[in-house]
Structure formats: structure tokens, C-alpha cells
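Please read the structure below before turning to the comments.
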Amino acid sequence: MTDHVSQGGFAIAETERAEAERNRAAAERGDAPLLPSERLWGFWEFTYANSALAIATWAFLIGGSVGLFVGPKEGIAAIIMGNIVGVMLTALSTTPLSGRYGIEQFIALRSQFGYNGSRIVYVLAVVILTMGWLAVLAMMFGRSIDGLTALSAGEAANPTGIKMIVAAVGAILVTWFIVAKGPTSIKFFNMVVSPALVILMIVMLYLILQHRSFSELLAMPALAPPFEDNTLNFIIAVEVNLAAGFSWWPYIGNLARLTKNERTAFWPNVVGIFGAAALGEIVGLLAAVALGDSDPTIWMTKIAGPVIGIIALLFVAFANMTSMANILYTSIVGLRQVGTASIRAISWGAILFLFCIIPLGLVVFYPQMYDGFFIFLVWTSALNSALAGIGIADYFFLRRQKLDMRSLHGPQENGPYRFWGGFNPIGLFALAIGFGVYVLVFNPQTLASLPVFKYLTASVPSCLAAGTVHYVLTRLFARGRGWGLYP
Numbered sequence: 026m027t028d029h030v031s032q033g034g035f036a037i038a039e040t041e042r043a044e045a046e047r048n049r050a051a052a053e054r055g056d057a058p059l060l061p062s063e064r065l066w067g068f069w070e071f072t073y074a075n076s077a078l079a080i081a082t083w084a085f086l087i088g089g090s091v092g093l094f095v096g097p098k099e100g101i102a103a104i105i106m107g108n109i110v111g112v113m114l115t116a117l118s119t120t121p122l123s124g125r126y127g128i129e130q131f132i133a134l135r136s137q138f139g140y141n142g143s144r145i146v147y148v149l150a151v152v153i154l155t156m157g158w159l160a161v162l163a164m165m166f167g168r169s170i171d172g173l174t175a176l177s178a179g180e181a182a183n184p185t186g187i188k189m190i191v192a193a194v195g196a197i198l199v200t201w202f203i204v205a206k207g208p209t210s211i212k213f214f215n216m217v218v219s220p221a222l223v224i225l226m227i228v229m230l231y232l233i234l235q236h237r238s239f240s241e242l243l244a245m246p247a248l249a250p251p252f253e254d255n256t257l258n259f260i261i262a263v264e265v266n267l268a269a270g271f272s273w274w275p276y277i278g279n280l281a282r283l284t285k286n287e288r289t290a291f292w293p294n295v296v297g298i299f300g301a302a303a304l305g306e307i308v309g310l311l312a313a314v315a316l317g318d319s320d321p322t323i324w325m326t327k328i329a330g331p332v333i334g335i336i337a338l339l340f341v342a343f344a345n346m347t348s349m350a351n352i353l354y355t356s357i358v359g360l361r362q363v364g365t366a367s368i369r370a371i372s373w374g375a376i377l378f379l380f381c382i383i384p385l386g387l388v389v390f391y392p393q394m395y396d397g398f399f400i401f402l403v404w405t406s407a408l409n410s411a412l413a414g415i416g417i418a419d420y421f422f423l424r425r426q427k428l429d430m431r432s433l434h435g436p437q438e439n440g441p442y443r444f445w446g447g448f449n450p451i452g453l454f455a456l457a458i459g460f461g462v463y464v465l466v467f468n469p470q471t472l473a474s475l476p477v478f479k480y481l482t483a484s485v486p487s488c489l490a491a492g493t494v495h496y497v498l499t500r501l502f503a504r505g506r507g508w509g510l511y512p
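Under this note's numbering, the letters of the sequence shown match residues 26 to 512, in that order.
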């Protein structure tokens, strides 16, 4: 009898352990919220983690783009102003809810857009953005390799030549192979690449100051200001940096779900993402105006000489590969999370390759995208700024920071976050309004703008318009229809 009791107790314990393991795995995948005891990061751990992601080679590119519009004195002001506003609004719209509930960001979006509407937002904000970043980073890798071979042979580089294209295509294919095998790129990026990039930035800054004093640098003009109106050029530079801040919208919510609480989820972004990105951009800005070229793969070879230039280009190429693996992996994990059953049925390697087809096409057929990089970046802000406004209005003003976890994670077809066939037409309409306001105030493709742009930028009106429309229409119509568990 005792044996039977002990065996029964052992079986129950095994069942409970198996159930706990299933719950833990579901929480890690985002299928369930993370409990406070399961979260990893306090203030400084999260600060280091998001600093490591923000210190990346694209910061050099953004800083160089700022140098096209304004000189260093105005450029540093634009970098600080744009990034701090963009990062704070982005963090406010995504991290408090993830930090409070331990919830996956795009599952939380079901409360704003419906379970099908959140899929549309994912495709627009993550898939398209990541495809663009993959193409830009691959071309930066290709230009690094082209510059490296040219420097070694004592020849002139050809940034849009066949060597660049072949190397960029190779970078995407190698990234696909690495991620298909199961990457450890995020951990490696945090531990090795990001501290090395800090060292590279310090070395480059030292070399720049060897060529020109800081006061001389601050007095230098912009590389290619598009307008005679210096105020307009400055506001465009601020807008580029607002876009850089808002570009973190698809990512930092899911990072914040690993933090202990809401305060820990929010403030490290100001210290980490803003501080780290601003540092890299300022170095890129100073180097661009000092050496007359916004492309880091060009000015690194000019400033450092053959030996250090070769080392720097090798490292930039390698760092780009780790960044590409990181963003590809996180995007596909999210895609399988929000995707339909048919998408989840595609094998891991196949869905990765399908995702890489458009970046491969951009590399081969549109390498000029790299030189107009800031245009791509600013277009993303037309979407992300509106999403930030909707997120702030919904979570803080309409829901009073209360979400129903059971409804968000349970069956959606007849749940309270179903809205209208899985779509919240109010949220999607507000998103369209915010996007439209942005393009009306400032067209990233042509740089045409309304007079109000010089005083308000385009991201701020877009954010305010989307949030206001979402708030007003939800108060007027959603409650009467019983949509969305609004209090």
C-alpha cells in the first residue's frame, strides 16, 4: 500500500513538473505572460542589454545622414533632441505594459487592433522594416569588403560595383544559414560586439580630433544642405533623429517583458538606447563632416590609414553580420507567433529564406538605396510615430493601465478583443490618419513640407493625431458596441 502511495505521489510530482515546464516554455515563446519570478533584468541589466543593441553600425550611418543637412553644432543638438523625444514616446507606448504584465508586445496589440489587426501591424512595422534593414546592413557589409580589398590593393573603391553586390548577397545568405541553424547572436552581440564597437568609436573619435580640433569641427558646414533655409535643414535633421528614436518601436516592448517592473522597463531606455545611439551618431556626424563623406565605409579608410582602416572595415563587416542575424531571428520568431496556422506550418529554414528574397532583390537591383538611407529611415517614422500615439492613448487614457490576460491569451474568435472580425476599425483608421498627417506635413521622398513642419516636425503631429483620433472614436463608438473590454 505504501509503495502504491509513493508511486502515485511520484507520478503526480512528475506531472506537475511537466506542466510547469510547459508553462515556462509557453512564457518564453510569448504564448503566456512571464511571472515576476521568471524575469531576468533589473535596472542595470536592462540598461546594458538595450545599450548593446543600440550601439550598432547603423548609428554611424544615421550620424552621417545628419551631416548632410547641418554642421556638427546643429547636428549634435538635432541628435539629442530627436532621439530623446522619439525614444521616450516609443518606450512609453510599449514598455510599461510589457513590464507590468510580462506580456509579448504583439499579443498586447490585440487590445488595440484586434487579433487580426495586430497581424497587419506586425507585417507593416516589423517585416517591412526588417527587410529594409537587412538590405542596408548587407550593402554596408558589401561596401566594407569592397573598401577592404581596394585598400589592400592600393586601388579606388567602387561602392556600387559588382564586388559590393556579391559580398552583400553573400552576407544575406550566410545570415540565413546561421539563423537556420539556430543562432546565439543576441548573447554574442551583447558580450563581444557591442563593447568592441564602443572601443572603435573612441578610437575613431581620437583619430578625428588628431586631424581637427573640436572647435574647428563645430565650425564646419553641412555636406549637402538641400535648402537655403537653415532652420528647415535643422528640422529635417531633427526629424531624421526622431525617426531613429521611433524605429525602436517594434523591438523594445519584447525586451521589456524580461524586466522586473514598469519602472525598470521604462527608464533604462532613456539611459541605454538614447545614450548609446546618440554616442554612435555623434561620432558618425563628426567623421562625415571632417572627411567629406557620410558613408562610414569611406571615411574609416580616410581617417585611419591602411592598417587601422583594414581592421576597422573587417570589424564593421563582422558587426553587421551579427546585427543582421539578430534582427532576422527576432522578426521570424515574432512572425511565427502572430502568423496563421499555414505560416507556422512552413519549416524554419524555408520561412527564413522566403523572408530574405526581398532584401536580396534590393541589394541586386537597387543598391542606390544605401545612399538614400535616411529616406527609408524617415518613412518608417510615418508608421511608428502613429503607433506610439495609439499605444499611449489606449493603454494610459482609455484602459487606465488595465489589460485582461486571460482574454488576450485565450481563444480569440469569440473573445472580448475580437472587435469586428478580429479587426479594430477604430485603431486601424487612427493609424491611417497618423500616417496621412505625417506625409501631408513632410514627404520623406521629396522633402516637401508644410510651414508647420518647421515648428512641430512631422512625427509629433502624427503621434498626436493618431492618439487623439483613437481616443475620441473609441469613447464615442467602442463602448456601445461592447468592443475591447474598455472600462
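We put the CB at the ideal spot given by N, CA and C, even for glycine. Keep in mind the model is a prediction, meaning the values are calculated, not measured.
Between the C-alpha atoms of Val497 and Gly452, what's the straight-line distance to the nearest angstrom? Cα-Cα distance, rounded: 11 Å.
Euclidean distance between Cα positions of Gly359 and Glu253: Those two C-alpha atoms are separated by around 45 Å.
Quick one: give me the first and last residue of the alpha helix (DSSP H) that Glu99 is part of. 97 to 126 is the span of the alpha helix (DSSP H), which, as asked, contains Glu99.
Per-residue burial, Tyr480 [other beta carbons within 10 Å of its own, 16 or more giving buried]: By the neighbour-count definition (other C-beta atoms within 10 Å, threshold 16), Tyr480 is an exposed residue.
Could you check the C-alpha separation between Phe259 and Gly172 for me, to the nearest Å? Rounded to whole angstroms, Phe259 and Gly172 show a C-alpha spacing of 31 Å.
Can you say whether Pro512 is buried or exposed, counting buried as having 16 or more other CB atoms within 10 angstroms of its CB? Pro512 should be labelled exposed.
Label His495 either buried or exposed according to how many other C-beta atoms from any shown protein chain fall within 10 Å of its C-beta, with 16 as the threshold for buried. Counting Cβ neighbours within 10 Å, His495 comes out buried, since at least 16 surround it.
Does the distance from the C-beta atom of Ala312 to that of Phe94 stay below 8 Å? No, these two residues do not count as a Cβ contact at 8 Å.
C-alpha distance - Thr115 paired with Ala181, whole-angstrom precision: Computed Cα separation, rounded: 42 Å.
By how many angstroms is the C-alpha of Pro121 removed from the C-alpha of Gly278? Distance between the alpha carbons of Gly278 and Pro121 is about 8 Å.
Is Ala418 closer than 8 Å to Val6 when the C-beta atoms are compared? No statement about residue 6 is possible, as the shown extent of the chain runs from 26 to 512 and does not include it.
Could you give the C-beta distance for Arg410 and Gly459, rounded to a whole number, given that I count them as a contact under 8 Å? Residue identity check: residue 410 is Ser in the sequence provided, not Arg. Contact annotation, Ser410 with Gly459: C-beta distance approximately 7 Å; criterion of less than 8 Å satisfied.
Range covered by the alpha helix (DSSP H) that runs through Ile371: Here Ile371 belongs to no alpha helix (DSSP H), and DSSP marks it neither H nor E.
Would a C-beta distance cut-off of 8 Å place Arg96 and Val314 closer than the cut-off? In the sequence under discussion, the amino acid at residue 96 is Gly, which differs from the Arg named in the question. Cβ atoms of Gly96 and Val314: closer than 8 Å.
Can you list, in chain order, the residues of its chain with a C-beta nearer than 6 Å to that of Gly447? Leave out the 5 residues immediately preceding and following it. Contacts found: Gly139, Tyr140, Asn141.
If you follow the alpha helix (DSSP H) that Met165 is in, where does it begin and where does it stop? Membership of Met165 in the alpha helix (DSSP H) is indicated by the continuous run 153 to 178.
What residue does the alpha helix (DSSP H) around Tyr480 start on, and which one ends it? DSSP places Tyr480 in the uninterrupted alpha helix (DSSP H) bounded by 478 to 481.
Quick one: grab the DSSP three-state call for Trp273. In the structure shown, Trp273 sits in coil (DSSP, three-state: anything other than H, G, I, E or B).
Below 7 Å CB to CB, which residues in the same chain sit around Ser143 once its five sequence neighbours on both sides are set aside? Closer than 7 Å at Cβ, skipping near neighbours: Phe131, Leu134, Arg135, Val363.
Quick one: what's got a C-beta closer than 8 Å to Ala366's C-beta in the same chain, skipping five residues either side? Excluding positions up to five away in sequence, the list is empty.
If the criterion is Cβ atoms closer than 8 Å, does the pair Leu475 and Ala150 meet it? Taking 8 Å as the cut-off, the beta carbon of Leu475 is found no closer than this to the beta carbon of Ala150.
Can you have a look at Trp158 and say buried or exposed, based on whether 16 or more other CB atoms are within 10 angstroms of its CB? Per the 10 Å Cβ criterion, buried.
Per DSSP, what kind of secondary structure is Leu304 in: helix, strand or coil? If DSSP states are grouped into helix, strand and coil, Leu304 belongs with the helices.
Among Ser123, Gly397, Phe422, which residue has its Cα nearest to the Cα of Thr471? The closest CA to that of Thr471, considering only Ser123, Gly397, Phe422, is found on Gly397.
Going by beta-carbon coordinates alone, are Val403 and Ala247 separated by less than 8 Å? No.
Where does Trp404 fall in DSSP's three states? Three-state result, Trp404: helix.
Helix, strand or coil at Phe202 according to DSSP, with G and I counted as helix: Phe202: helix per DSSP, three-state reduction.
Determine the closest residue to Phe454 out of Phe422, Ala491, Lys427, with distance taken between C-alpha atoms. That would be Ala491, whose Cα lies nearest to the Cα of Phe454.
So, are the CB atoms of Val350 and Thr200 less than 8 Å apart? Before going on, a small fix: residue 350 reads as Ala here, not Val. Contact flag set, yes.
CB-CB under 6 Å to Asp429, same chain, minus the five flanking residues each way: which ones, in chain order? Contacts found: Leu510.
7 Å Cβ shell around Arg237 - same chain, five flanking residues per side excluded: Taking C-beta separations shorter than 7 Å and ignoring five residues to either side along the sequence, the partners of Arg237 in its chain run Ala315, following chain order.
Could you check where the alpha helix (DSSP H) with Asn294 kicks off and where it finishes? For Asn294, the uninterrupted alpha helix (DSSP H) segment begins and ends at 287 to 294.
For Ala79 versus Gly297, is the C-beta distance shorter than 8 Å? Contact flag set, yes.
On the DSSP letters alone, give me the boundaries of the alpha helix (DSSP H) that Glu241 sits inside. Run containing Glu241: 239 to 243, per the alpha helix (DSSP H) assignment.
Inter-residue Cα distance where the pair is Ile104 and Ala303: Computed Cα separation, rounded: 6 Å.
Can you pull the DSSP bridge partners for Trp66? The partner list for Trp66 (beta bridge, DSSP) reads Thr284.
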